[in-house]
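In the numbering used here, the protein residues as written are 13 to 288.
Idealized CB from N, CA, C, for every residue including glycine.
All of these numbers come straight from a predicted model, not from anything done at the bench.
I have placed the structure first, in the form of structure tokens, so that the comments after it can refer back to it.
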Amino acid sequence: MNPSTLIGMLSGILLLATVLIFSTEDPSLFLNLPGLGIVLFGTLAATFISYPFREVVRIFSLLATVMRNERLYAKHDIEELIKLYRIWMSGDLKAVENALSQVANPFLKTGVQLVVDMTPEEDVMDLLQWRIARLRAREHAEAQLFRIMAGYAPAFGMVGTLVGLVNLMFLLGDGDITSIGQQMAIALITTFYGVLLANLIFKPVAVKLERRTEDRVVLMNTIMQGISMMNRKCSPALMREMLKSFMVHYQDEINDGSKGKSGQRNDEAQNDRRTR
């Protein structure tokens, strides 16, 4: 399981448990099945109206994607590209074909295959850029699905609140305290369910999917740069260092913010002034 997802889930459960235990004498008061049904089924119904069936049914597979710890194997892909490049430079096309059959990354495989087939660099880059744009658009739509659901959930929470208030108005004249309390519970708890689902499930899942897309696009752009260097017959050593620099995360290209280096620079500046 993805560690950050697991931490978030446990933190959310702990938060709810703490609130329910210390804020009420009876935590079961926050369990209202009619109110939960209004929010869940209302959100699901609106989502089916908004999106095609084939996209809505992918909700569960997308949730599984967020839950699992997905690795990109960027270092492995870079080394594999350089290995293929070295084999291709040796002129053994059969060895290149055999090595390509073992490549697991389809984006990398397609790019190298096009270079081996002597495809012009401009055409190779156009195709790879189109595939990146297609992936970005598809996965953006998947994340947007959960953002739409995050907007529907509080709205249907308000629907449940209105239903409870309407029923409450009819019961006020009867003076039945039990029935009035039940309707008040529906009126209040459905809003709670809507806000909770939107901000603890739907929106976080959308952000997680968007962050996953950003990481995948960075790797694809790195591979595309390597394919371009391979087409231009650059040095394999230069290619390795260039591609590694794409994947390194820097806080600051000029200054890492460490106090020690800052003090060292001040000392060097003072020494320069004394020398002058």
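1) Evaluate Asp89 with the Cβ neighbour count: other Cβ atoms within 10 Å of its Cβ, from every protein chain shown; 16 or more gives buried, anything less gives exposed.
2) For Ile235, collect the residues of the same chain with a Cβ closer than 7 angstroms to its Cβ; drop the 5 residues on either side in sequence, then sort them by chain order.
3) Would Val229 pass as a contact of Leu147 if the rule is Cβ separation under 9 angstroms?
4) Counting Cβ pairs closer than 8 angstroms, one from the segment 193-204 and one from the segment 40-57, do we hit at least three?
5) Around the Cβ of Trp142, are there at least 16 other Cβ atoms within 10 angstroms (buried) or fewer (exposed)?
6) Would Gly172 and Thr203 qualify as a contact pair, given that the criterion is a beta-carbon distance under 9 angstroms?
7) Leaving out the 5 sequence neighbours to the left and right, which residues in its chain are closer than 6 angstroms to Val9 when beta-carbon positions are compared?
8) In this structure, how does DSSP classify Ala116 when only helix, strand and coil are distinguished?
9) Using C-beta distances below 8 angstroms, list every residue in its chain close to Leu84, excluding the 5 sequence neighbours before and after it, in chain order.
10) Using only the alpha-carbon positions, how far apart do Leu208 and Leu41 sit?
11) Would you mind working out which of Ala249, Ala218 and Trp100 sits nearest Leu74, comparing C-alpha positions?
12) Give me the residue from Asn117, Val115 and Leu96 with the minimum Cα distance to Val108.
13) Ignore the nearest five residues each way along the sequence and tell me which others in Val242's own chain have a CB closer than 6 angstroms to its CB.
14) When you compare only the Cα positions, how much space is there between Glu265 and Ala210?
15) Thinking Arg80 and Asn14 are a contact (beta carbons under 8 angstroms), I'd like their distance in whole angstroms, please.
16) Take Leu255 and list the residues in its own chain whose beta-carbon comes closer than 6 angstroms to its own, dropping the five residues that flank it on each side.
17) Which of helix, strand or coil does DSSP assign to Asn44?
18) With distances taken between CB atoms, is the gap from Ala155 to Thr225 smaller than 9 angstroms?
19) Just the C-alpha distance for Ala167 and Gly206, rounded to the nearest angstrom, thanks.
20) Please state whether DSSP places Glu134 in a helix, a strand or coil.
21) Mind checking which residues open and close the alpha helix (DSSP H) that includes Pro39?
22) For the alpha helix (DSSP H) containing Asn211, list its first residue and its last residue.
23) Under 8 angstroms Cβ to Cβ from Glu82, same chain only, skipping five residues before and after it: list those, please.
24) Out of Met101, Val78 and Ser16, point me to the one whose CA is closest to Cys246's CA.
Reading from the atomic positions:
1) buried
2) Asp89, Leu93, Phe119, Leu120 and Gly123
3) yes
4) yes
5) exposed
6) yes
7) Here the chain comprises residues numbered 13 to 288, so residue 9 is not present and cannot be evaluated.
8) coil
9) Asp227, Arg228 and Leu231
10) 16 angstroms
11) Ala218
12) Leu96
13) It should be pointed out that residue 242 corresponds to Met in this sequence rather than to Val. Excluding positions up to five away in sequence, the list reads Tyr97 and Val127.
14) Note that Glu265 scores 49 on pLDDT, short of 50, meaning its location in the model is unreliable and no value can be drawn from it.
15) 6 angstroms
16) Ile90, Thr234 and Gly238
17) coil
18) yes
19) 7 angstroms
20) helix
21) Pro39 -> no alpha helix (DSSP H), and no H or E assigned at all.
22) Per DSSP, Asn211 belongs to no alpha helix (DSSP H) and is neither H nor E.
23) Asn14 and Arg224
24) Met101
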